[in-house]
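*Asks:* Numbered per this note's numbering, the sequence shown spans residues 28 to 218.
Beta carbons are placed, not taken as given, at the ideal position from N, Cα and C, and that holds for glycine.
Given the structure is predicted, the values throughout are model-derived calculations rather than measurements.
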Amino acid sequence: MTASTAATDTRTRLLDTALKLFSEHGVEATSLQMIADELGVTKAAVYYYFKTKDEIAEAVAAPTLLELEQIIEGARTKRTRGAQIDHVLHGFVELIMRQRLLLGLYNSDPGMQRVVTRTFQAPRGEDLRTRMRAVLAGDNPGLDEAITVHVVFTGIAMAGGAPEYAGVDDETLRRNLLEVGRRLLGRPKRR
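1) How do the stretch 117–134 and the stretch 190–201 stand: do at least 3 beta-carbon pairs fall below 8 Å, yes or no?
2) Answer yes or no: do Leu155 and Leu92 have a C-beta to C-beta separation smaller than 8 Å?
3) Give the straight-line distance between the Cα atoms of Leu204 and Glu94, rounded to the nearest whole angstrom.
4) Please identify the residue among Glu172, Arg141, Phe180 whose C-alpha is closest to the C-alpha of Gly53.
5) Could you spell out where the alpha helix (DSSP H) holding Glu121 opens and where it closes?
6) State the DSSP-derived secondary structure class of Glu85, mapped to helix, strand or coil.
7) Determine the direct distance from the alpha carbon of Pro137 to that of Tyr74, and round the result to whole angstroms.
8) Write down the C-beta distance between Ile183 and Val120 rounded to the nearest angstrom, noting that I regard them as a contact closer than 8 Å.
9) By the three-class DSSP mapping on this structure, what secondary structure does Asn197 have?
10) For the alpha helix (DSSP H) that Ala63 lies in, which residues bound it at each end?
11) Please identify the residue among Leu170, His117, Leu212, Thr157 whose C-alpha is closest to the C-alpha of Ile98.
12) Just the C-alpha distance for Lys70 and Leu122, rounded to the nearest angstrom, thanks.
13) Check whether the Cβ atoms of Phe49 and Thr57 sit closer than 8 Å, and answer yes or no.
14) Ignore the nearest five residues each way along the sequence and tell me which others in Met185's own chain have a CB closer than 6 Å to its CB.
15) Go through its chain and collect everything with a Cβ distance to Thr44's Cβ below 8 Å, but skip five positions before and after it.
16) Mapping DSSP to helix, strand and coil, what is Pro168?
17) Mind checking whether Leu42 and Ala72 have CB atoms under 8 Å apart?
18) Pull up the distance between the alpha-carbon of Thr157 and that of Lys80, whole angstroms please.
19) On the three-state DSSP scale, how would you describe Ala56?
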């Protein structure tokens, strides 16, 4: 194993451990020392990778936000609004299915909400929410269309990470999230 591979493995383990501890204790109640202890390393080893807990929380959320950005950009390549909506809805539900633990944390933890909200703000001037709304409802949606998009995707994210659905198997939850999303967005039923 090279030094680079070992560093990547340690960083990955650190982020996995942080997500686990954040979900158990919350971002604010999880200390860098707790993360180090759980990993079996020194606090200095944690500081080698991240200087603050917020940096760790941002790194935990970053891959999911990057994937969401890729889903939105992929939808922009589709020719019709219906194809764009279907692409985003399917991609978003699949993302949620893979990130149920992170979504549950985002839904319940003010520390993670703060970090994700800050990370959502794109330096290009158009944040992810605005870009998603534009793909799904057009560049100048009416209030009803904008609210529908907001309700659908906030609701799907909240339901996907809700503790009361933690015991629902992935396929059942996936099917229900897609059906509700399609219905609310006015998409025809899939056969």
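*Replies:* To lay it out plainly:
1) yes
2) yes
3) Cα-Cα distance, rounded: 19 Å.
4) Arg141
5) 108–125
6) helix
7) About 23 Å.
8) 7 Å
9) The question names Asn, but residue 197 is Asp in the sequence shown. In the structure shown, Asp197 adopts helical secondary structure according to DSSP, grouped into three states.
10) 59–66
11) In this structure, His117 is the residue among Leu170, His117, Leu212, Thr157 with its C-alpha nearest to the C-alpha of Ile98.
12) Looking at the two C-alpha atoms, the distance is approximately 32 Å.
13) If you check the CB distance, Phe49 and Thr57 come in under 8 Å.
14) Excluding residues within five positions, the ones whose Cβ falls inside 6 Å are Asn134.
15) Ile62, Glu65, Leu66
16) coil
17) no
18) 28 Å
19) Ala56: coil per DSSP, three-state reduction.
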